[in-house]
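Per our numbering, the sequence shown starts with residue 23, numbered consecutively.
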Amino acid sequence: MAQVYFWEEAERDYKKLDGTMKRWVEAAEARLIVRGSEIGKDPGNTHYSKLAGFKELKNHKIGIRLIFKVSSEGNIEIIEIVAIGKREDEKIFRTAENRRKKHL
Numbered sequence: 023m024a025q026v027y028f029w030e031e032a033e034r035d036y037k038k039l040d041g042t043m044k045r046w047v048e049a050a051e052a053r054l055i056v057r058g059s060e061i062g063k064d065p066g067n068t069h070y071s072k073l074a075g076f077k078e079l080k081n082h083k084i085g086i087r088l089i090f091k092v093s094s095e096g097n098i099e100i101i102e103i104v105a106i107g108k109r110e111d112e113k114i115f116r117t118a119e120n121r122r123k124k125h126l
C-alpha cells in the first residue's frame, strides 16, 4: 500500500476537471494506493521535459494524463501526483517539467 499526495498545483488541476475526468482521477488514485509504483509508464526524457524517474497514467478514451513521482520513506511508498491534464500536444509533460524544476 502506498500513500498518495497531490502537489498543490495538481489539486488545482483536479478542481478544473469535469465529472468524468474527476472520477477517473479518483479511480487512478485508488489504484495507486493499492499498487503503487507497479503501475504507470516512465515518460523518460525528451527535448522538452526531463521526467525520467516519474511515471504517467493515461486514459485514451477521455483524453487525460496523470504524472506522478514515486519515492519511499522506510517501508512506506510515497506517490506524489504532480500534474493532471488533457492529452494534447504533450502540454502536460511541459507542465510537469516546470513544476519539477520549481520543487527542486
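Idealized CB from N, CA, C, for every residue including glycine. Just so we're clear, the structure is a prediction, and the values are computed from it rather than from any experiment.
Rounded to a whole number of angstroms, what is the C-alpha to C-alpha distance between residue i and residue j?
{"i": "S94", "j": "G41", "result": "31 Å"}
{"i": "N67", "j": "F115", "result": "10 Å"}
{"i": "M23", "j": "V56", "result": "5 Å"}
{"i": "I98", "j": "Q25", "result": "7 Å"}
{"i": "Y27", "j": "I103", "result": "6 Å"}
{"i": "R87", "j": "W46", "result": "10 Å"}
{"i": "I89", "j": "K83", "result": "17 Å"}
{"i": "K63", "j": "N81", "result": "12 Å"}
{"i": "E30", "j": "I61", "result": "23 Å"}
{"i": "K124", "j": "T117", "result": "11 Å"}
DSSP beta-bridge partners for residue i?
{"i": "V104", "result": "Paired residues: none, contrary to the question."}
{"i": "K63", "result": "E78"}
{"i": "L126", "result": "DSSP lists no partner for L126."}
{"i": "Y27", "result": "E102"}
{"i": "L73", "result": "G66"}
{"i": "R87", "result": "K80, G107"}
Quick check on residue i: buried or exposed, where buried means 16 or more other Cβ atoms within 10 Å of its Cβ?
{"i": "E48", "result": "exposed"}
{"i": "L126", "result": "exposed"}
{"i": "A105", "result": "buried"}
{"i": "I101", "result": "buried"}
{"i": "E119", "result": "buried"}
{"i": "G58", "result": "buried"}
Taking the alpha carbon of residue i as the reference point, which residue from the options has its own alpha carbon closest?
{"i": "H69", "options": "E112, R121, L79", "result": "E112"}
{"i": "P65", "options": "L79, L54, A50, R121", "result": "L79"}
For the region 69-78 against the region 27-41, are there 3 or more C-beta pairs whose distance is under 8 Å?
Verdict: no, contact absent.
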